[in-house]
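What follows is a set of notes on a single structure, which appears directly below.
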Amino acid sequence: MRYFEAHVHYQDRKFEPHWPAIAEELNRIGLFEAVCNGTSPDDWQAVAGLSQKHAWIRPAFGLHPWHVGNVGKGWLNELRQLLLSDPRALVGEIGLDFWMLKTARADDPRLSGLNRAPIEVQEAAFVAQLELAADLQRPPTVHGLDAWDRLAQILKHARLPSSGFLLHGYSGPSEYVARFIDVGAFFSFNGNFLSPRHARIREIFAHLPLEHILVETDAPAMPLPESHRKYRLPPTPDGSTPNHPANLEVTHAALAEIRGISTTALADAIEKNFFRLFGRNLP
Ligand SMILES: [Zn+2]
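Each residue of the sequence shown is one higher than the last, beginning at 41 in my numbering.
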């Protein structure tokens with residue numbers, strides 16, 4: 041069986057000391073291809089480096105909403121050049137995050153050192169990157185948090201690549217699903233949704249049309265509930281436990297169970313969806 045990782049951050053520093061072992065584990069589970077998403081100019085070169093070293097890593101470059109408040113003037117041009125320099129490269133991770141403005145605590149460690157960009161600034165960066173994705177026909181990966189209405193409006197009116205876009209780790213309301221599908225959305229499921237408090241999200245993924253589903257880990261983020269973790273990494277000095285990217289295997293199996301289909305039937309569907317959205321890269 042071949043696995044496809046729709047959204048991950050292999051370039052994260054937390055993986056660095058363990059990378060050879062992780063790459064070997066991913067090979068062992070049968071990972072065929074993975075989309076590795078950059079988040080700011082600070083990590084784009086690391087993503088490019090990994091994708092040059094491993095043919096199965098598809099690079100994606102984008103400015104994540106968390107980092108919009110921290111970049112200098114030339115970022116969009118740098119992004120365009122990077123995309124032009126590699127025909128395999130996709131756009132991502134981009135999007136809107138109003139959670140960090142409305143709900144996140146001032147001392148949330150995940151946001152430490154970041155200037156939280158106001159709504160209008162986030163939207164301008166998002167729209168500019170959608171335009172670039174459409175111009176170059178590089179399907180974008182979109183992050184959304186507490187911004188569903190604006191996301192739906194912007195995606196409805198934006199030019200988009202003809203194959204569509206990925207709404208990764210979709211946690212929005214079920215009422216929005218049809219609106220997003222109408223404008224070309226694919227939705228990826230991650231292992232964090234196996235937590236008891238996410239029954240509502242599992243319900244959405246139980247009923248989404250199969251031809252719009254992908255699977256992701258978003259590692260090192262989005263850890264699985266303790267009881268579902270099969271692959272583990274040691275805690276980092278700050279006490280957090282990074283999600284091991286090989287947990288894609290258990291995430292996939294759990295989604296098959298939620299859908300009431302076999303893991304191989306799900307793998308067949310996901311392979312088709314992955315190629316339909318991102319295009320065929322490896323033979
Ligand atoms: Zn991500």
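Even for Gly, the Cβ is constructed at its ideal location relative to N, Cα and C.
CB contact flag (residue i, residue j, <9 Å)
{"i": "residue 72", "j": "residue 317", "result": "no"}
{"i": "residue 307", "j": "residue 65", "result": "no"}
{"i": "residue 241", "j": "residue 216", "result": "no"}
{"i": "residue 170", "j": "residue 198", "result": "yes"}
{"i": "residue 284", "j": "residue 271", "result": "yes"}
{"i": "residue 254", "j": "residue 46", "result": "yes"}
{"i": "residue 94", "j": "residue 258", "result": "no"}
{"i": "residue 200", "j": "residue 116", "result": "no"}
{"i": "residue 103", "j": "residue 187", "result": "no"}
{"i": "residue 107", "j": "residue 80", "result": "yes"}
{"i": "residue 114", "j": "residue 157", "result": "no"}
{"i": "residue 218", "j": "residue 204", "result": "no"}
{"i": "residue 134", "j": "residue 180", "result": "yes"}
{"i": "residue 183", "j": "residue 105", "result": "yes"}
{"i": "residue 288", "j": "residue 256", "result": "yes"}
{"i": "residue 303", "j": "residue 140", "result": "no"}
Reference residue i, options the options, closest by Cα
{"i": "residue 229", "options": "310, 178 and 111", "result": "310"}
{"i": "residue 212", "options": "245, 236 and 174", "result": "245"}
{"i": "residue 138", "options": "176, 55, 160 and 227", "result": "160"}
{"i": "residue 249", "options": "222, 257 and 233", "result": "222"}
{"i": "residue 261", "options": "43, 44, 41 and 52", "result": "52"}
{"i": "residue 206", "options": "132, 268 and 237", "result": "132"}
{"i": "residue 290", "options": "231, 302 and 304", "result": "231"}
{"i": "residue 99", "options": "269, 109, 85 and 108", "result": "85"}
{"i": "residue 167", "options": "154, 151, 192 and 144", "result": "192"}
{"i": "residue 78", "options": "302, 122 and 297", "result": "122"}
{"i": "residue 40", "options": "56, 70 and 101", "result": "The structure shown does not extend to residue 40, since the chain is modelled only from 41 to 323, so the question has no answer here."}
{"i": "residue 120", "options": "178, 143 and 141", "result": "178"}
{"i": "residue 56", "options": "274, 75, 305 and 152", "result": "274"}
{"i": "residue 282", "options": "295, 298, 265 and 296", "result": "265"}
{"i": "residue 294", "options": "164, 234 and 304", "result": "234"}
{"i": "residue 96", "options": "67, 83 and 118", "result": "67"}
{"i": "residue 176", "options": "196, 127, 142 and 165", "result": "127"}
{"i": "residue 314", "options": "62, 75 and 41", "result": "75"}
Backbone secondary structure at residue i - three-state DSSP
{"i": "residue 62", "result": "helix"}
{"i": "residue 256", "result": "coil"}
{"i": "residue 296", "result": "helix"}
{"i": "residue 71", "result": "strand"}
{"i": "residue 228", "result": "strand"}
{"i": "residue 86", "result": "helix"}
{"i": "residue 309", "result": "helix"}
{"i": "residue 261", "result": "coil"}
{"i": "residue 155", "result": "coil"}
{"i": "residue 284", "result": "coil"}
{"i": "residue 48", "result": "strand"}
{"i": "residue 271", "result": "coil"}
For residue i: DSSP bridge partner residues
{"i": "residue 137", "result": "185"}
{"i": "residue 43", "result": "71"}
{"i": "residue 321", "result": "None, per the DSSP bridge assignment."}
Beta carbon proximity, residue i to chain D, threshold 9 Å
{"i": "residue 286", "result": "No chain D is present in this structure, which holds just one protein chain."}
With a floor of 3 residues, list each beta strand (DSSP E) that falls wholly inside the region 157-207, ordered by position along the chain. 180-185 and 205-207
Those runs of the beta strand (DSSP E) which lie wholly inside the region 94-138 and span at least 3 residues: 97-101 and 130-137
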